[in-house]
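In what follows, a single structure is set out as structure tokens and then discussed.
Protein chains in written order, with the working numbering: chain A, 406 to 588; chain B, 68 to 430; chain C, 15 to 387; chain D, 2 to 157.
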């Protein structure tokens, strides 16, 4: 186990050094806690204001060449705001990196990255309707999965309750139908 | 008494014949539907209908009863006149085509001297019905389907006529019985394989059957002009479709395969003539079913290109060769050679165009 | 001479294709604006099958979630289960018995076969063959599903993988049954190949249609065979091997043009590769345990997060799992391949004919359960 | 043209092969012994009572909440003059077959091996006119194993 962890951290260190040297003028930091590290992915935290700039550099830099946006999603941290997670991949160098940025609850807006990767389009729409995050300058900010008239509830937030389902069996049902002995 | 009446009264005689034709049309359409389901099932390695009657024989009857019992729905926004009348415009021409079809030498409703011309003329009337159905339904799929049907029907009328023309040149007549009699020793397929291909393709397109079922393509326009029809009106379209299938197959048999004459000559009894016609027709129909289960649908622009750029020029070439050979009274083997040459040319053209598709890929 | 190229004034009409349409492969709706037969614009509407699988899984413990993975990707259930189960195992840092791994690999590849059979059949019908490819491929898929039923007890919703291994061991005659099924699958592939691949009309319908080049495909985040058809050599089984894919010899099939034909042909060839993989896996199958030691019934993962991606038949099936130390996921994100592939549809369809739209949609092989989740 | 002929050859060879489908309601496919239909309860023949003690384990493990369990004191317990060692026993049990997703988790959760997935009764042919008819109660759940009409694989 320790071997694997050491190998991983060595791999991450290489990538980290590369990113660190290539991208300047942007404030970002690395997640140092190895238990929180995602499997074979380096985890970076970027300030919200810098995230578009940072991602653009990650994509357009010739050395890094992160040209593939795997996934874009969000995590509701309840009191601590909402985390937006970007998973990038470099098809050329086979690097993975996970980038996170935190939005405070009083300001749930962030710039869109659809102009960097078109793949972000539907992912951002999904995050927007499910978490109530507004993506500035998004080309098509309609609801994606939910009906178009639902704009005030955000199902994937932790505060959103799961709908009560009606349990038909058990004591809740007319015993004359259920109870075999009375039949 | 009855026979006397029939002989003296041509009106009653014809009425009886027409009524029996209606019966024939219904029965043949129903059995064709059953056969198509059974044969397609075997091509799919399925069993097909088995539950209604022995081996599912009554399936078509059950379907017909179900369709009769269904409510005849008309969409609110449909154009009532064209919606209601469209099935008749499709049904009646199909029925009228049966009138002059040559089952045997003697047993026909009416054998016209210009029977072939009549058939070709009548067969194109149904396009009006298709367009009416598409327009009247007030449905966009129906409209697209109807316009496709119109474009396709009008285009493929030409190769159909040209193929028929080749045969007419050969037998010097438009009377179907004369054409068949002229083939009593050797069928036309030996002299004119290319017009046979032409006629077969054009007939498939006329009938809107695969691979030319573009107007009704289920995966694209969901049934085309018939989207909004239900019950008896829809079954009229269906009946017309299968009647046309029957007529076109008999026509192919009559024009190219020697009808009831070849290979036993004209003196065969009526019963055996019917049997011979039926046998050859079943063979043609089987091939039509077979193509349906094997070949994908073409696209409308490819269809048009194929018709106008390939089939029609080649058809004109065939007519030119035929005229040349017949006027100069050259040996008949030259007809076969020219026709086979044209067929080979067609294959070369098709292969070339597919290769071009591949070439673009490499570049 | 008059100008024959003068444009006739036409009117664009909107055609609503779906949610009820025979060839939208589920409840997908696209609004096409057409000019004659040409498509000028497309708006895709999804979400008709949205069941909130992610939210549901956040309320259930890890084992209960497996059943829901089956129901998102319902044509490649084993692949979906595998991603989820691997995510939990990675968080737990679990050692999986070797036999379980090999069986997983065989099942996943068999599932890829059955899923691709489904694709080829449905695609043939989209092209307009009257049911034949569909029936031929279902003939083979049926045999595969019979085998799955013998192993797991269910025909579609297997719920067979567990964090730590398998729910139970496979039947005794597993190997001979797999070989039997592979033999018939080979015949099925041969049939489909003969029926479609060289047919001139099929070629005319599929070549040079719905082209998307490598750069666009990567930009749209496409994955799986749809991406490889554009010539990108990216297969997660090779790029980041999981299970024992690094011990197995197989080729990554790529296309050249990224047109509809390539997407079809890549899948057809991939089926042959799958058979090759399974045959190699069978040789490694030794008796042993199928469930890990520490796999207790109610798992509690340490806090942490993990993003697992596996190569499902439609492409990258990713599970992003965030745990806060409870026995259930804190946040579960399913990154489905169909979702990203479907985005690129507009690029491919605009400018082609109505008939092509159907074929192009068929060629990217979406499963709406996976797109909507 | 060659390709079209090849396709037609493939379909024709299929035409000559034997059909693979069965006339379904007449001929049923034999279900495999691992077959997994709906859950049923097992009957302890030696003590003439169900194995189930009503411990709620399956109810809690069920992802779709299709089960309801009520337990009671066992009248057949040794202390009460009976033969059984079970202190508690199942009083009422309902499974809503319409809601059950046949995931096998209840079987894995059960500590007494009292519940099993049926493999004789073809669950896919269940059809009723009222959805409430799919809610099975205790006698219905026990009936099959009590009459001994079950395959060995289920209980082993």
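Where a beta carbon is used, it is the ideal one built from N, C-alpha and C, also for glycine.
Bear in mind the structure is a predicted one, so any value in this text is a computation, not a measurement.
280, 281, 284, 285, 286, 287, 288, 289: these are the residues of the segment 279-296 of chain B whose beta carbon lies less than 8 Å from some beta carbon of chain C, given in chain order. Annotated three-state conformation of residue 255(C) is coil, per DSSP.
Against residue 114(B), the close residues of chain D are 20, 22, 24, in the order they occur along the chain (beta-carbon pairs closer than 7 Å). Chain-order list of chain C residues neighbouring residue 360(B): 143, 144, 145, 146, by C-beta distance under 8 Å. Taking C-alpha positions only, residue 449(A) is separated from residue 456(A) by approximately 11 Å.
The alpha-carbon of residue 342(B) is positioned some 16 Å away from that of residue 319(B). The beta carbon of residue 129(D) is closer than 8 Å to those of 135 in its chain, skipping five residues each way along the sequence. Contact check for residue 182(C) against residue 295(C) fails: the beta carbons are separated by 8 Å or more.
For the segment 505-562 of chain A, the full-length alpha helix (DSSP H) segments reaching 4 residues or more read 525-536 along the chain. Look at residue 349(C) here: in three-state DSSP terms it is strand. From the beta-carbon of residue 64(C), the residues of chain A found nearer than 8 Å are 550, 551. Using a Cβ-Cβ cut-off of 8 Å, residue 499(A) counts as an interface residue toward chain C, since at least one Cβ of chain C sits closer than that to its own. Under DSSP, residue 186(C) shares a beta bridge with no residue.
With respect to chain C, the C-beta atom of residue 478(A) has a partner C-beta closer than 8 Å. DSSP places residue 309(B) within a helical segment (H, G or I) once states are collapsed to three. As far as DSSP is concerned, residue 297(C) takes part in no beta bridge. Neighbours of residue 140(C) across chain B, judged by C-beta separation under 8 Å: 286. Boundaries around residue 60(D) are those of the alpha helix (DSSP H), 58-62, since no beta strand (DSSP E) includes it. Residue 46(D) counts as exposed, since fewer than 16 other beta carbons sit within 10 angstroms of its beta carbon.
Nearest CB-CB separation between residue 446(A) and chain C: below the 8 Å threshold. Taking a cut-off of 8 Å on C-beta distances, the segment 121-128 of chain C does not touch the segment 345-365 of chain C, as fewer than three cross pairs fall below it.
Its chain contains 134, 135, 138, 139, 206, 209, 210 as the residues whose beta carbon lies nearer than 7 Å to that of residue 147(C), once the 5 sequence neighbours on both sides are disregarded; these appear in chain order.
Closest by C-alpha distance to residue 126(B), out of 375(B), 229(B), 105(B), 425(B), is 105(B). Taking the Cα positions, residue 219(B) is about 24 Å away from residue 145(B). Just measuring C-alpha positions, the residue of 337(B), 299(B), 323(B) sitting nearest residue 136(B) is 299(B).
Annotated as distal: residue 281(B) and residue 359(B), with beta-carbon spacing of 8 Å or more. Residue 93(D): member of the beta strand (DSSP E) spanning 89-97, first to last residue. For the segment 90-113 of chain B, the set of residues with a beta-carbon nearer than 7 Å to any beta-carbon of chain D comprises 109, 110, 112, 113, in chain order.
No Cβ-Cβ contact shorter than 8 Å links residue 126(C) with residue 244(C). Residue pairing by DSSP puts residue 30(C) in a beta bridge opposite 45(C).
If you ignore the 5 residues before and after residue 472(A), its C-beta comes within less than 7 Å of the C-beta of 464, 495, 496, all in its own chain and listed in chain order. Note on geometry: alpha-carbon atoms of residue 346(C) and residue 367(B) lie some 47 Å from one another.
Judged by DSSP in its simplified three-state form, residue 78(C) adopts helix. Of all residues in the segment 203-229 of chain C, those with a C-beta nearer than 8 Å to a C-beta of chain B are 209, 210, 213, 214, 215, 216, 217, 218, 219, 221, 222, reading in chain order. Residue-level contact by beta carbon holds for residue 492(A) and chain C, with a gap shorter than 8 Å. In the structure shown, residue 22(D) falls within a coil segment according to DSSP collapsed to helix, strand and coil.
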